[in-house]
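So the protein sequences, as listed, match chains A and B. Numbering-wise (this note's numbering), the first sequence opens with residue 1 and increments by one. Numbering-wise (this note's numbering), the second sequence opens with residue 89 and increments by one. Okay, structure first, notes after.
2 protein chains.
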Amino acid sequence: MYRAVITVTLRPSILDPEGKTVEHSLHQLGYENVRRVRIGKHIELEVDAGTEDKARETVENICSKLLANPVMEDYTFSLAKVEEAAEG
Amino acid sequence: MYRAVITVTLRPSILDPEGKTVEHSLHQLGYENVRRVRIGKHIELEVDAGTEDKARETVENICSKLLANPVMEDYTFSLAKVEEAAEG
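Right under this line is the structure:
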């Protein structure tokens, strides 16, 4: 079992209206020294795979096929082996 | 100038319908070995502060006041000093 932590971010050339809105709100709250707010997605998941290579291939595929829009977004991820957990 | 990278995640006890939807989609796409999908926010921003302590205090405040819902979410962040950039 491998745990993946994935970060999906908008490419630098793509405008980020959500980030701009947050930046504007922060300025209105008095945090005028904050800028370049960019918002992305943080995704955690577990993959049941026999080897780290297999897990990496699965995560790579699901990032490029489902989690990230390849035209507008970049993604990175890290993988860590975890013990089979009892919960949920 | 400090760059903050913030991760906001739902607390483990809080249901994550967005994560469940992604998990369901992944299963339908044939990735049945993926589970415990949880979705959070990844936020990057820059703070113009004289010292790292000041920057940390600002980021701490904006996380607790605006970026995270303290009832349902946890947040972590890292800070790094960056040179004044020419762009944007």
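Glycine included, every Cβ here is placed at the ideal spot set by N, Cα and C.
As computed with DSSP, THR95(B) is found in a beta bridge with HIS130(B) and THR164(B). Nearest CB-CB separation between ILE102(B) and chain A: not below the 8 Å threshold.
Judged by DSSP in its simplified three-state form, VAL71(A) adopts coil rather than helix or strand. Around THR9(A), the same chain offers GLY40 and ASP74 as residues with beta carbons nearer than 6 Å, after the five sequence neighbours per side are excluded.
GLU44(A) has a beta carbon lying within less than 8 Å of a beta carbon in chain B. In this structure, DSSP gives VAL34(A) an extended state, which the three-state scheme calls strand. At a beta-carbon threshold of 9 Å, none of the residues of chain A lie near ASP141(B); the nearest stands roughly 14 Å away. At least 8 Å separates the CB of ARG11(A) from every CB of chain B.
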